[in-house]
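Step one of this worksheet: look at the structure below.
Residue numbers (the working numbering): 9 to 196.
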């Protein structure tokens, strides 16, 4: 799958078309009632985790729970073919990526996901089946972290240029650009 960022990410399992299997998975988990419990427990765990908690400082957790329930209902049932999961996650989490969200954070969240399902007595084979749907999303979090790093580099470069002009005028800026150009030519 390619997104509008031009990168490919393996989230094909979400769009597998195996709707009957996903219906069974939602039922194996315990249906929509258990899914509601899972989302409540999951968010209670996330908002208490010191690694994850900072990402929820200004969030309306009730709204997030509603979105999570809907996303999990779709993921465990029937993902519309026109839903661009990669772009959705990258766009909705952009500020969090800029604040340090990455694949390691995703791993912590995934651990809470597993422990939540286990705490609701979802059988291990069903938890493993659910993981086949959500584990591939980790690649998106790696991508989001890379894009955030690039944005920070771009901002730092702009700040350096502004500082060069403020301190030494355009002559200092020209010298800086020339030096960086020569450095970049040596790496080839």
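Every residue gets a Cβ at the ideal spot worked out from N, C-alpha and C, and that includes glycine.
| Item | Value |
| --- | --- |
| Mind reading off the beta-carbon distance from residue 120 to residue 152? Whole number of angstroms is fine, and I expect it under 8 angstroms. | Not confirmed; about 19 angstroms, so no contact. |
| Residue 43: which of 179, 164, 103, 84 sits nearest, CA to CA? | 84 |
| Just checking, does the region 163 to 183 make contact with the region 117 to 137 on the three C-beta pairs under 8 angstroms criterion? | no |
| Along the chain, where does the alpha helix (DSSP H) containing residue 135 start, and where does it finish? | 132 to 142 |
| Answer with buried or exposed for residue 185, where buried requires no fewer than 16 other C-beta atoms within 10 angstroms of its C-beta. | exposed |
| With a cut-off of 8 angstroms on the beta carbons, I'd call residue 63 and residue 104 a contact; round off their distance for me. | 5 angstroms |
| Check for me: the alpha helix (DSSP H) holding residue 96 runs from which residue to which? | 93 to 100 |
| From residue 81 to residue 171, what distance separates their C-alpha atoms? | 50 angstroms |
| Can you tell me whether residue 59 is buried or exposed, with buried defined as 16 or more other CB within 10 angstroms of its CB? | exposed |
| What residue from 56, 122, 156, 32 has the CA that sits closest to residue 143's CA? | 122 |
| Can at least three beta-carbon pairs, one atom from the region 31 to 40 and one from the region 109 to 119, be found at a separation below 8 angstroms? | no |
| Below 8 angstroms on the Cβ atoms is my contact criterion, and I expect residue 128 with residue 46 to pass it. Report the Cβ-Cβ distance as a whole number of Å. | 6 angstroms |
| When you compare only the Cα positions, how much space is there between residue 53 and residue 69? | 12 angstroms |
| If I measure Cβ to Cβ from residue 61 and keep anything under 7 angstroms in the same chain, skipping five residues before and after, which residues do I get? | 55 |
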